[in-house]
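Numbering (mature numbering (1 follows the signal peptide of the UniProt record, and there is no 0)), first residue to last: -19 to -1, 1 to 117.
Quick reminder that beta carbons are idealized off the backbone N, C-alpha and C, glycines included.
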């Protein structure tokens, strides 16, 4: 039983977070797809926030708060992916395009922050463009 528990714990940590040791297991395209899925969720949240903000009943207020929290969480997921995966492990000072890559990744973080601060779809669209620029 202890062995099975240990295997499950190790497997869960491998599947749900990327280590900060030089494991050499990277899938940049998968990370970009995850961030684009976060953007899709942010866009759905923004549409729901817009609709629910027109209503005045308690249930709508409750759902509105939940969508705002969801938008914030998915924006934060993107920031964490850029910080914990790309900037700490994939963008290297030795790369010829290092400064350009830093700027592009920094823009994603700034755009994700703006989606947290605003309820305008233009910020989510800009975030999506910034993420797609990473796979040019």
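Inset, instruction - Kindly indicate which three-state DSSP category residue 50 falls into: helix, strand or coil? - result: For the purposes of this step, residue 50 is taken as residue 69 along the chain shown, with counting starting at 1. If DSSP states are grouped into helix, strand and coil, residue 50 belongs with the helices.
Legend entry - Presumed contact (8 angstroms Cβ cut-off) between residue 20 and residue 109, rounded CB distance: The residue given as residue 20 occupies position 39 in the chain shown. The residue given as residue 109 occupies position 128 in the chain shown. Confirmed, about 5 angstroms.
Inset, instruction - Please look up how many angstroms separate the CB atoms of residue 111 and residue 30, rounded, as I've assumed it's under 8 angstroms. - result: Walking along the chain shown from the start, residue 111 turns up at place 130. Walking along the chain shown from the start, residue 30 turns up at place 49. Contact between residue 111 and residue 30 does not hold, since the beta-carbon distance rounds to 21 angstroms and is not under 8 angstroms.
Legend entry - Neighbourhood of residue 15 by C-beta, 7 angstroms cutoff - its chain only, sequence neighbours within 5 removed: Counted from its first residue, the chain shown places residue 15 at position 34. 62.
Inset, instruction - Identify the continuous alpha helix (DSSP H) that holds residue 81 and give its terminal residues. - result: Taking the first residue of the chain shown as 1, we reach residue 81 at position 100. Per DSSP, residue 81 belongs to the alpha helix (DSSP H) from 79 to 98.
Inset, instruction - Please classify residue 104: is it buried, with 16 or more other beta-carbons within 10 angstroms of its beta-carbon, or exposed? - result: Position 123 of the chain shown, counting from 1, holds the residue named residue 104. A buried status is given to residue 104, since no fewer than 16 other beta-carbon atoms sit within 10 Å of its beta-carbon.
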